[in-house]
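The listed protein sequences correspond, in order, to chains A and P. Here the first sequence stands for residues 1 to 161, numbered as in the UniProt record's numbering. Here the second sequence stands for residues 1 to 489, numbered as in the UniProt record's numbering. Idealized CB from N, CA, C, for every residue including glycine. Each remark here refers to the structure printed beneath this line.
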Amino acid sequence: MPMHSITNACAHLQNATRARLGLTSLPNTKYVLRLALAMHRAGLISSVTRGGPTPPPPEALLTTETEPVTTANVANRRLWIGLKYWNNQPVMSKLQPVSKPSRRVTATIPELAKVARGFRAGHLLGLNVGELMFISTDKGVLEIREALEKKSGGLVLCRVS
Amino acid sequence: MSVARPAARRLFVSGCAAAAAAASPSPICRQIPIRPAFAAATKTSFHTSSSLEARKRSRFSSVHARDLGLINDQGEFNEQELQKFTEQKMGPVKFSPEEMEELSKIYTPEQIAAIEAGDAAINPRDLTIQGRLRDDPYVLPYLDDFAEHQPIIDKRPQRNPPPDPHAKFMDLDEFTEDLIKWADKFRVGEVTGTMKRLVDFVPEEYQSVAEGQWPGEVRDEAHKQFKAYLQQTVERQAKDKLDGQEGAGITDADVLQYILERSIMTDDGLKSNSSLAPALPRKVPGVAGLYARSVDPADEGLDPLGIYQDVKKRTGLTVQQMLDLRTKRLVHRFVSNQTRLGKIQSSSVIYVAGNGNGMLGIGMAKSTEPVIATNKARLMAIRNLQPIRRYENRTIYGNVKGKVSGTVVELSARPPGFGLRVQHRIFEICRAGGIHDLSARVPRSRNPMNTVKATWEALCNQKDPEEIAVGRGKKLVDVRKVYYGGSVY
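Spelled out as structure tokens, the structure:
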């Protein structure tokens, strides 16, 4: 699976939140889409909408797609991500890729359990207060607590706080 | 100037006469410096060789009592010679009438009587036998009769009485009165109303009635006399002016003297011992009490110096609460400001204050005086008190990091009973703030000042889990408070 799109997405989202943007876009790939949906489930972002090269109108953000994907427009589709802020602070301020193309990091269920409780497991540092970790499992991209619920380990994508 | 001085003078003058015949007794006071050899005899030498002064021979050969015939070869007193010598040299000084008159100008009759009694109390024979020049270590370096004021040695005599403590600046009426009083000294007459009036020339029974009711002959007589008086006055003034005598009027010098020397206080022109104006009294009327430090009864006398009053106003804490705070000096540095006049050293102090239950403050202050810097820093710390976030009132929320310059402080929450496994400055901060379980790492620079600042920053930058949950739209439950009925300690 292409890791670089994930690391690039992390870097871009972090830059966007630091620039206090309300809306930003990511490449329209399946991997990035799954990560974005996992983040949406975790409440880190407000909306995920597949749109064109220009930002979709605000009312379109409530939908998943501005227009159906066709072979004609699939090449210029992008994922438009609505960013969240609370108390003048970004909800998601730090995104740190764990795996990178040159070095994939995987974690088993016991390791994830330790990390989720804040303890170190191997090279994986424990989670801090309010920190999230996204895992790519065979049940899709999940947040660490979802992965533990579903008892599945996998590739550690990134940690977000 | 003491009364006893003439007696002392006589004693010294007589003693001198015995020692050196050249010095004739005189009523005018004198001082005779002691020769260096005389003083050197009492000094302790720190050299093996005798000092130059000691090797010098006296310019006068000693006059022995035997040579004077006062004692014989067996060392017994030669009473006859002794008596003669005593009468000649040591008898009481006889003041001439002129001298007595001079003395009576200085001394009251009682004082002169005391002087004479003092003279009479000294037996001249004792002076002959026992009187000698002092050579003890405490001898004055000169012979002094204390009758004359010597500016370098003696204190300045206070000739005038002390200033009137009740004197105040003259108001308009007092000033006018004073001006008239001054002008009255000059016999001009017209200005100040010292001239006689027409009323002064009538018999006493008519002086209180108006001029119209006087009988004709009385009125004529009075007018005649008054005219003559006026004529006489005018003539006298003209004559005075011609002669240039006193009373010819106020001269410029008088006016200048009035401006420069007349007192503007109601002290009746009292002369001061000092050329400086008298200091203001301790309690200036009209000002006394206005600047008194108001003591708040709510303080219960705990702050007599008023050092907490400013902080009390700013923080709303009572003095008792401020005294109950835990304060601790964390850092004391000596800093210096390089100016063109040189380095100016100051003390820089960082203090921590806390109530041991979640309120914490850090204060920093500088002063050239370490004590002042310490007090200021302490008060600043109390001023800066603010609540810090604590998890279960014992530790912090998660791991936090603070960074100031090259100093990074990493604080980590720890389970109950872990204790404070931190360095001493962070320990004091935690103790003041009421954090009981904590571990800390200072992986990089351990600069004391920056460590304290970074710790403060880390403690203040703890994220609130509730806020994070609200931001993400999640519900947050602390399971430690759910399991075991919440009794997790």
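Residues near residue i in its chain [Cβ-Cβ closer than 8 Å; skip 5 each side]
{"i": "L198 (chain P)", "result": "E211, A222, H223 and F226"}
{"i": "G358 (chain P)", "result": "P387, I388, R390, N393, G433 and G434"}
{"i": "A228 (chain P)", "result": "none"}
{"i": "K84 (chain A)", "result": "G43, L44, I45, S46, P90, V91 and M92"}
Cutoff 7 Å; reference residue i; Cβ partners in own chain excluding five residues on either side
{"i": "A38 (chain A)", "result": "F134, V141, L142 and E143"}
{"i": "G118 (chain A)", "result": "G126 and L127"}
{"i": "T7 (chain A)", "result": "P97 and K100"}
{"i": "A9 (chain A)", "result": "L26, V32 and L35"}
8 Å Cβ cutoff, residue i in contact with chain A
{"i": "G471 (chain P)", "result": "yes"}
{"i": "N393 (chain P)", "result": "no"}
{"i": "I468 (chain P)", "result": "yes"}
{"i": "P297 (chain P)", "result": "no"}
{"i": "G363 (chain P)", "result": "no"}
{"i": "G398 (chain P)", "result": "yes"}
{"i": "K474 (chain P)", "result": "yes"}
{"i": "K463 (chain P)", "result": "yes"}
Separation of residue j from residue i, as counted between CA atoms
{"i": "Q237 (chain P)", "j": "M265 (chain P)", "result": "33 Å"}
{"i": "A22 (chain P)", "j": "V63 (chain P)", "result": "Residue confidence for A22 (chain P) is low, a pLDDT of 35 falling below 50, so the modelled location carries little weight; the figure read from the coordinates is stated next. Taking the straight line from one Cα to the other gives about 13 Å."}
{"i": "V371 (chain P)", "j": "V409 (chain P)", "result": "29 Å"}
{"i": "residue 167 (chain A)", "j": "R472 (chain P)", "result": "With chain A running from 1 to 161 in the structure shown, residue 167 (chain A) is simply not present."}
{"i": "T455 (chain P)", "j": "K30 (chain A)", "result": "44 Å"}
{"i": "H149 (chain P)", "j": "P97 (chain P)", "result": "24 Å"}
{"i": "P465 (chain P)", "j": "Y397 (chain P)", "result": "8 Å"}
{"i": "E59 (chain A)", "j": "R159 (chain A)", "result": "31 Å"}
{"i": "G22 (chain A)", "j": "V69 (chain A)", "result": "24 Å"}
{"i": "R77 (chain A)", "j": "L33 (chain A)", "result": "12 Å"}
{"i": "K475 (chain P)", "j": "A469 (chain P)", "result": "6 Å"}
{"i": "C460 (chain P)", "j": "T374 (chain P)", "result": "24 Å"}
{"i": "V129 (chain A)", "j": "N399 (chain P)", "result": "7 Å"}
{"i": "T176 (chain P)", "j": "L276 (chain P)", "result": "25 Å"}
{"i": "A72 (chain A)", "j": "R103 (chain A)", "result": "36 Å"}
{"i": "Q207 (chain P)", "j": "K196 (chain P)", "result": "13 Å"}
{"i": "T40 (chain A)", "j": "A19 (chain A)", "result": "Note that residue 40 (chain A) is His in the sequence shown here, rather than Thr. Those two C-alpha atoms are separated by around 20 Å."}
Proximity to residue i [Cα-Cα], best of the options
{"i": "Q130 (chain P)", "options": "P:L70, P:V93 and P:Y138", "result": "P:L70"}
{"i": "G43 (chain A)", "options": "A:E131, A:R117, A:K139 and A:P57", "result": "A:E131"}
{"i": "A167 (chain P)", "options": "P:D268, P:K155 and P:G289", "result": "P:D268"}
{"i": "H436 (chain P)", "options": "P:L411, P:R262, P:N384 and P:A117", "result": "P:L411"}
{"i": "R425 (chain P)", "options": "P:I350, P:R444 and P:R414", "result": "P:I350"}
{"i": "V93 (chain P)", "options": "P:Q423, P:F169, P:A117 and P:K181", "result": "P:A117"}
{"i": "S367 (chain P)", "options": "P:P297, P:S336, P:D478 and P:A381", "result": "P:S336"}
{"i": "Q462 (chain P)", "options": "P:V287, P:T395 and P:K481", "result": "P:T395"}
{"i": "L68 (chain P)", "options": "P:F186, P:N78, P:F60 and P:R59", "result": "P:N78"}
{"i": "E457 (chain P)", "options": "P:L317, P:G354, P:T407 and P:S104", "result": "P:T407"}
{"i": "D171 (chain P)", "options": "P:P124, P:K239, P:S263 and P:A113", "result": "P:S263"}
{"i": "P165 (chain P)", "options": "P:K283, P:N273, P:D200 and P:S445", "result": "P:K283"}
Close Cβ partners of residue i (< 6 Å) along its chain, the five nearest in sequence each way excluded
{"i": "E111 (chain A)", "result": "A121"}
{"i": "S487 (chain P)", "result": "none"}
{"i": "S152 (chain A)", "result": "T137 and K139"}
{"i": "T66 (chain A)", "result": "G51, P56 and A60"}
Endpoints, the alpha helix (DSSP H) within which residue i is located
{"i": "N15 (chain A)", "result": "M3 to R18"}
{"i": "N375 (chain P)", "result": "P370 to R383"}
{"i": "E146 (chain A)", "result": "I144 to E149"}
{"i": "residue 490 (chain P)", "result": "Residue 490 (chain P) lies beyond the residue range present for chain P, which begins at 1 and ends at 489; the question has no answer from this structure."}
{"i": "P110 (chain A)", "result": "I109 to A116"}
{"i": "M449 (chain P)", "result": "P448 to C460"}
Residue-chain proximity (residue i, chain P), Cβ-Cβ < 8 Å
{"i": "N128 (chain A)", "result": "yes"}
{"i": "A36 (chain A)", "result": "no"}
{"i": "N88 (chain A)", "result": "no"}
{"i": "A16 (chain A)", "result": "no"}
{"i": "V141 (chain A)", "result": "no"}
{"i": "V48 (chain A)", "result": "no"}
{"i": "A147 (chain A)", "result": "no"}
{"i": "K94 (chain A)", "result": "no"}
{"i": "A116 (chain A)", "result": "no"}
{"i": "A42 (chain A)", "result": "yes"}
{"i": "K84 (chain A)", "result": "yes"}
Segment limits, beta strand (DSSP E) that includes residue i
{"i": "A353 (chain P)", "result": "G342 to G354"}
{"i": "Q96 (chain A)", "result": "L95 to P97"}
{"i": "H332 (chain P)", "result": "R326 to T339"}
{"i": "A440 (chain P)", "result": "L438 to R441"}
{"i": "M364 (chain P)", "result": "M359 to S367"}
{"i": "I45 (chain A)", "result": "I45 to G51"}
{"i": "I135 (chain A)", "result": "L132 to T137"}
Near the ligand NAP: residue i beta-carbon under 7 Å from a heavy atom
{"i": "E143 (chain A)", "result": "Here there are no bound small molecules, and the ligand NAP is not part of this structure."}
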